[in-house]
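In the working numbering, the protein residues as written are -19 to 328. Before any comments, here is the structure.
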């Protein structure tokens, strides 16, 4: 038995029930000790061994808990992460990290002063399609990359009722929600860009928050385009890569979220594997020979995020998702907002 890390989960909403708790429960390095539910007992049906806390103060006040998962509405991230760090806890914050880069820097400084780990749940670094694209680019299978396009589209032509995500306010809308994933992936692949240009829109009837964005990130001899919208009924490619030797296109989306929603735990050899019909298509040149065909998708592995967290806390290994990286995500979001408002390209 590993030296378990006792965990407190600050919410049992969608992210707690679908992502954090199953991933924690499937790793014997963690024990879910407490779950915050202010008025329900839903978590007890699945995790009867976890104590239900009615207040956040009670959750972070447990001296045995080492790690707090702040997976609450975005505007609460800063205050709740701050309180947990002040109590001497390690902290994982659900994406987006914070609303502003100034807030993010304050959290980073506090974590360093307390000597505690701070990370952001950027789970889509472990999407199978992204892992495949990353390896393809690193191995230069399309030659020198000149254009990269990523889409994260949905079809939701209605306004969801009774949710803060559809109300006007700082940090709402898909730029912070889905954009946090897409920008993080781009920064992992290419680092910070030279310039950012964006177009942000509200496209649904009666909408109050941004539900469509196009962000262009310019690099030396490389154009990166990130697009997302809620009115895309017929989805195009998820990823498109063009280079000096060829192209790669990938449709579909990583299956792990649907598997978790269906109640499966991330264990076994079949976890995160895609159906063959969803494999990407590569048309390129290798050693002077024309090569064209499917590329098997690397299995996704969200469980690797929490395995790294365990190794950081117990074995002092390097942190995969550093808070400074998620701070850069927020900086790009701020630049995208500035670019849209001023109708101009923002130079870093």
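Every residue gets a Cβ at the ideal spot worked out from N, C-alpha and C, and that includes glycine.
Sixteen is the threshold: since fewer than 16 other Cβ atoms of the shown chains lie within 10 Å of the Cβ of residue 59, the residue is exposed.
Residue 48 is positioned such that its CB atom lies no closer than 7 Å to that of residue -4. In this structure, the beta-carbon distance from residue 308 to residue 300 does not fall below 7 Å. Contact check for residue 189 against residue 229 fails: the beta carbons are separated by 7 Å or more. The beta carbon of residue 2 is closer than 6 Å to those of 240 and 245 in its chain, skipping five residues each way along the sequence. Here residue 226 is not near residue 185, since their CB atoms are 7 Å or more apart. Within the segment 274 to 302, the runs of alpha helix (DSSP H) at least 4 residues long that lie entirely inside it are, in chain order, 283 to 295. When C-beta atoms of the segment 194 to 206 are compared with those of the segment 68 to 82, fewer than three pairs fall below 8 Å, so the two segments do not count as touching. Contiguous beta strand (DSSP E) elements confined to the segment 192 to 222 occur at 192 to 199 and 202 to 209, taking only those with 3 or more residues.
In this structure, the straight-line span from the alpha carbon of residue -15 to that of residue 124 is close to 44 Å. Residues 162, 206 and 219 of the same chain have their beta carbon placed closer than 6 Å to that of residue 130, with the five preceding and five following residues left out of the count. Looking at 83, 204, 144 and 260, the one whose alpha-carbon comes closest to that of residue 233 is 260. The beta carbons of residue 313 and residue 159 sit about 6 Å from each other, so the pair counts as a contact at 8 Å. Contact check for residue 102 against residue 179 fails: the beta carbons are separated by 7 Å or more.
Residue 108 sits close to residue 254, with the two beta carbons spaced by under 7 Å.
Boundaries of the alpha helix (DSSP H) around residue 81: 81 to 94.
For residue 45, the closest C-alpha among the options 56, 62, 69 and 27 is that of 69.
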